[in-house]
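Taken in sequence, the protein lines are chains A, B and C.
Mapping of the first sequence onto this note's numbering: residues 293 to 601, in sequence order.
Mapping of the second sequence onto this note's numbering: residues 662 to 862, in sequence order.
Mapping of the third sequence onto this note's numbering: residues 24 to 572, in sequence order.
Backbone N, C-alpha and C define an ideal beta-carbon position, used for all residues, glycine too.
Nothing here was measured: the structure is a model prediction, and the numbers come from that model.
To start, the structure itself, in structure tokens.
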Amino acid sequence: MRTRARPADRLRALQDALAGNARSPALLRSEPPVGAQESADVARLLNAGCAILASSVLADSSMEHYRGSFENKAMFVPPIVSTLALIASLHGASDRSARAERRRDAIYALSAAAAAAGFGFHLYNVGKRDGGFCWENFFYAAPIGAPWALLLSGTLGVAAERVRDTRPGGIPHIFGMAAGRLLAGLTSAGLLGTVGEVWLLHFRGAFQDPFMYLPVTLPPVGAGLLASAALSSKPKKRPLTRFWMKLVTVLGLAGMGFHIYGVHRNMGGWRNWSQNVLNGPPIPAPPSFTGLGLAGLAALRLLEGPKNE
Amino acid sequence: MNNRGPRYPGYNVLDKRDTPSWNEITRKVIDHRLTLDGPKFFTLEEWLTLRALCDCIVPQRSGRAPVQCAALVDHKMELDQRDGFRPPSLPSQREAWRRGIAAINEECRERYGGAFHELTGGQQDRLLRLLEEGEASSPAWGDMPAKVFFKRRLVHDIAAAYYALPHAWNEMGFGGPASPRGYVRLDFNKRDRWEAIEQHD
Amino acid sequence: MTEDDPTRVPRAKNGRAPDVLRVGGWVPMRCFADDEQVDFVIVGTGAGGGTLSCKLSEYGFSVVALDVGPYWRPLEDFASDEHEQYKLYWTDERISGGEDALELGRNNSGQSVGGSMVHFAMVSLRFRPEWFKSRSLLGYGVDWPVDWREMWGYYREVEENLCLAGPIKYPWGPPRPRYPYRPHELNAAAKVLARGCEKLGIKWCSTPIATLSAPRGLAHPCVYRGFCIAGCSTNAKQSAINTWLPRALKAGAEIRDLAMVGRVELDANGRVRGVHYHREGQWRFQRARNVVVAGYAIETPRLLLNSACPQAPDGLANSSGLVGKYLMAHCNQGVYGVFDDEIRWYKAPPSLSLTEHWNYTDEGKDFDGGYAYMSQGPLPVEWSGTQTGNHKLWGESLLRDMERYNHYAGLKIVGECQAMETNTVRLADEKDRFGLPIANVTFAHSDNDKKLIAHAKNFMRTALEAAGGYDIWAEETETAHLMGTCRMGDDPRSSVVNPDGRTWDVPNLWICDGSLFPTSGGVNPSLTIQAMACRIADRIKALAARAEV
Ligand SMILES: Cc1cc2nc3c(=O)[nH]c(=O)nc-3n(C[C@H](O)[C@H](O)[C@H](O)COP(=O)(O)OP(=O)(O)OC[C@H]3O[C@@H](n4cnc5c(N)ncnc54)[C@H](O)[C@@H]3O)c2cc1C
Ligand code: SF4
């Protein structure tokens, strides 16, 4: 039995964690310890999520930057980095070892850094256009939200390595914070950020199809459920949250299906692919949700404790 | 600038004929346009004048204007495809062209002793400037003002025919037919791979 | 030619009409017999007639709409070719004279089911509210007999029907709801306008435009092919042919293509009996309780004048003598310049950005009225017409300048034109293919127009320069759109129709098109024509409820 942490304790714990105090007691105490196999499994699930995020970024950024004629050398960075992240993630997903891998770690850190720089570039691109930070430029200049998926792939990847590093019987933690909570929080924020990007683009498309509302309504609920899981101190079963993460996972794949259909129903259909793949709905974008759904499930496993408990 | 080569070397919009840039009806009408080659409306004599006029209005680096230019003017007359209006001083287009060509040749004979197509390039040019300035004097013009004919029929119809030809689109780097496939890249200095590449010097 | 040649054989008959959204498709159509007295015969199916056909049939009236033009299926009938697409324009002869003779045909007159909107450039702007009372509020022109607030509601209805793509926030005028669809990406030509405005410190915005920025039903979004004024083979363009008319058919209207109305007939009591029309090689007579003429500002007065009879020797509805008078066009001068950048203005709809600064600013003007200006994107044949006409090029200089096509950008006004009684549509002696006297059009600019044009050219020149253009030149003469000739008003002596669109002289004869405009405003007219048609439909419904129709 654990006592419920009071908000003040939690806050202090958070401060401690941010200050780099690795033994932040309140936060760690609230999560169940895991065995070596379990931590590797959770890490592999995270790696799988990262792989999906990275492949979404790879396809999307290649397409969009091809559309932008690779005008700037820096535009080659996201396809290259996401390729590396994809390789690292696939490697991680098939790696049963319970130790972090330095090269994977480095690649993930690199992609997160590249994504952060990407935000800067995209922001600059929007601002420098005539009209500055106006709706039209947010719609059609470099998409502000696009580097988000790469950032998530990178940070979740780094987190996966930390989880993998957990001592057998220890409590997984990441830079001093309880890993389950942190991952749940991160995934929740990731979902919300992705929803922001989707909202912008679906708003640009005037929500012309009612299904376009799904990705801006379902994931926020999931984000809320995950956030509440992150903030609660009880390691209890959360079937609804788990269900919702599965829903989000499926939503990403369904979205891809919708977008494939969307390309087909533009002028000339698939015969006119050279235009419609670029101007129609981006096919590789929706699976970001699948990646995040998997990350959410991984977070839940840490929060809920081992399956058979 | 005059002796520089084509701006869009190697570009031929006809290469796109079988791509998604052209739809069925476009293929049909352009194919047909490219088969036009001789007079159906104009007499042979008029045709010679018309071809010489085309060479002056849309002169080519490599000699004569494409025959389809004159042929398209002829085709417009044959079918009597009108513009939908005309100035009060001009008769309907067929009559205007017939009378106009006759008057031009008359004007040429009076001034230079030969029909328009028999004149030297310099003489042809001078004669056209004369028409443009409204200084034609042959009685053959009757009540039709040469200046109005020059602007509204002669230059207008020939230029409209020439710029309806793929040949002219290549010179301009115009994308040509574009349906079902249009364009993706719309910004400054951006082009899709199915657009013309400009030669920068 | 093949059997299914819509220019020779009518498509809308035997209980079906073309489905404009499907290749080879059909939709069912209710058909009326000639001797059946329908509630409304509508002459013309464009912005005015098409809209009214839809609204009246949805209100339960029986409607037969006649148009001399063919019934196209854009997906299969429209080539990507300017020359071929002349088939959309009114190419029957007209005589056009006067000091500033108007260019007709391609420039402003359509002949298709769907009217001139089939090849319109889709710019869809609301009037500035004050223009409806320009005499009282701004001191020029005449007042419209309608209130802007009423029109504001009808504008909205049309904007929704056309699914306009427009800016999130429109920078001028009273607030309006958000446009149904989001704005399009700007092409380089539109960005040139934006740059100029930013440099000169005036507002600009992306154009509210009737082409889809996202799918809608069976209609595809715009593919930026730029052939808009040669007809949109994508169906992205939202106009009468693919919005109002399909609705009209569904509501039970009959549309007759290739049907030329030659005369509206009056009975002995001076009421309309029906119309004589020519279809499939013969003259027929359709009986009707009401006739609405919606043939646009030249054909509407022409039909009224051609319908002269002993009861109305000067033409129908012409007791004021004003039928065919006060013809207006918009001043439409362009200023063009060359840029080092590749612009490639053939891509995307021609006018994706605009500024209404000089419509909403009254200071610093030495003229009455206002103008908007917009970005440009002429295709080769049209551009060669500008180069040979206004730029006066031919020969070597023409070819060399045409080669700079991809480096040109331009700005063009839609400028308010003052109505003058001396600008007219009359009948000529010459006859058309149906044996009907053709129109003789006379037009000259007022002094005020000339001042407006000078101001605009000056300003746009500065704007183009500021945006980096050089070798700048301006068009001398150029007009767009047609308005007036059957003006609406409060007084039977100074107008042809009353505020309901009903002619003062003949109670069951109505007019519903661009010819109603008492003033022209500084914006493209079709949104206002359609809004007015919606309003007239509501007036008719209200009057019918009181048994006054
Ligand atoms: C190239 C071009 C670009 C344009 N761009 C814009 C733009 O961007 N924005 C804008 O607001 N407006 C634009 N316009 C103008 C707009 O299209 C017209 O103002 C509008 O369509 C006029 O509507 P209407 O109903 O008065 O006439 P129309 O739409 O012309 O309809 C009249 C119809 O009546 C038919 N008709 C006429 N007489 C008879 C008869 N006797 N019997 C049978 N049928 C008859 C004709 O065939 C025609 O189809 C443009 C016009 C052109 C030509
Ligand atoms: S640019 Fe758009 S609206 Fe214009 S013709 Fe092409 S698809 Fe239609």
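Would residue i and residue j be called neighbours here (beta carbons separated by less than 9 Å)?
| i | j | result |
| --- | --- | --- |
| G544/A | T582/A | yes |
| V690/B | C715/B | no |
| P325/A | E596/A | no |
| A490/C | D848/B | no |
| M174/C | F143/C | no |
| G438/C | G512/C | no |
| V61/C | R294/C | no |
| C342/A | S445/A | yes |
| G347/C | P373/C | no |
| R603/A | P841/B | Missing from the structure shown is residue 603/A; chain A here goes from 293 to 601 and no further. |
| A441/A | L378/A | no |
| C440/C | S407/C | no |
| T378/C | K480/C | no |
| S331/A | T447/A | no |
| G196/C | S229/C | no |
Tell me residue i's beta-bridge partners as DSSP assigns them.
| i | result |
| --- | --- |
| L532/C | V314/C |
| Y112/C | G133/C |
| D166/C | K156/C |
| E832/B | Answer is none; E832/B lacks a bridge partner. |
| N463/C | I118/C, R449/C |
| E277/C | V87/C |
| M397/C | L377/C, K435/C |
| T234/C | K260/C |
| C354/C | G438/C, T502/C |
| E288/C | G297/C |
| K2/C | Chain C is shown from 24 up to 572; residue 2/C falls before or after that span and cannot be answered. |
| P531/A | In the DSSP output, where bridge partners are listed per residue, P531/A has none listed. |
| T781/B | Answer is none; T781/B lacks a bridge partner. |
| A242/C | R239/C |
| F362/C | According to DSSP, F362/C bridges with nothing at all. |
If residue i sits next to residue j, beta carbons under 8 Å apart, how far is it from one beta carbon to the other, in whole angstroms?
| i | j | result |
| --- | --- | --- |
| T68/C | A40/C | Not quite, the Cβ-Cβ distance comes to about 11 Å (not below 8 Å), so this is no contact. |
| L125/C | W113/C | About 12 Å separates the two Cβ atoms, so there is no contact after all. |
| A476/A | R454/A | About 15 Å; that fails the 8 Å criterion. |
| S799/B | A776/B | With 8 Å as the limit, S799/B and A776/B do not qualify as a contact, their Cβ atoms being about 13 Å apart. |
| G6/C | E99/C | There is simply no residue 6/C to check, as chain C begins at 24 and stops at 572 in what is shown. |
| G357/C | E501/C | 6 Å |
| S518/C | L345/C | 7 Å |
| L788/B | L780/B | 7 Å |
| A731/B | R755/B | Actually they are not in contact, since the Cβ atoms of A731/B and R755/B sit about 16 Å apart, beyond 8 Å. |
| L223/C | A217/C | Their Cβ separation, rounded to whole angstroms, is 11 Å, which puts L223/C and A217/C out of contact at 8 Å. |
| I559/C | D528/C | That pair is no contact at about 17 Å. |
In chain B, which residues lie less than 9 Å from residue i when you measure between Cβ atoms?
| i | result |
| --- | --- |
| S566/A | T680, P681, R842, V845, D853, R854, W855 |
| R563/A | P681, P841, R842 |
Using a Cβ cut-off of 9 Å, pull out every chain C residue sitting near residue i, in sequence order please.
| i | result |
| --- | --- |
| W830/B | P403 |
Which residues of chain B have a Cβ atom closer than 8 Å to the Cβ of residue i, listed in chain order?
| i | result |
| --- | --- |
| L570/A | V845 |
| R359/A | V845, R846 |
| A570/C | The premise fails here: A570/C is roughly 43 Å from chain B at the closest Cβ pair, so nothing lies under 8 Å. |
Who are the neighbours of residue i on chain C, taking C-beta pairs under 8 Å?
| i | result |
| --- | --- |
| H817/B | G408, T411, G412 |
Given that residue i touches chain B, what residues does it touch there, using C-beta distances under 7 Å?
| i | result |
| --- | --- |
| T30/C | Neighbours of T30/C on chain B: none; closest Cβ ~11 Å, over 7 Å. |
| M559/A | P841 |
How would you list, in chain order, the residues of chain A whose beta-carbon sits under 7 Å from the beta-carbon of residue i?
| i | result |
| --- | --- |
| R239/C | Q500 |
| T257/C | M559 |
| P206/C | E428 |
Using the beta-carbon of each residue, which ones in chain C are nearer than 7 Å to residue i?
| i | result |
| --- | --- |
| I858/B | Within chain C, no residue comes near I858/B; the closest Cβ sits about 10 Å away, beyond 7 Å. |
Does residue i come within less than 9 Å of chain E when only Cβ atoms are used?
| i | result |
| --- | --- |
| I252/C | This model lacks chain E altogether; the protein chains it does include are A, B and C. |
Quick one, what's near ligand 2 if you take every residue whose CB is closer than 6 Å to any heavy atom, in chain order?
G843/B, T234/C, C245/C, V246/C, Y247/C, R248/C, G249/C, F250/C, C251/C, C255/C, T257/C, A259/C, K260/C, A371/C, P372/C
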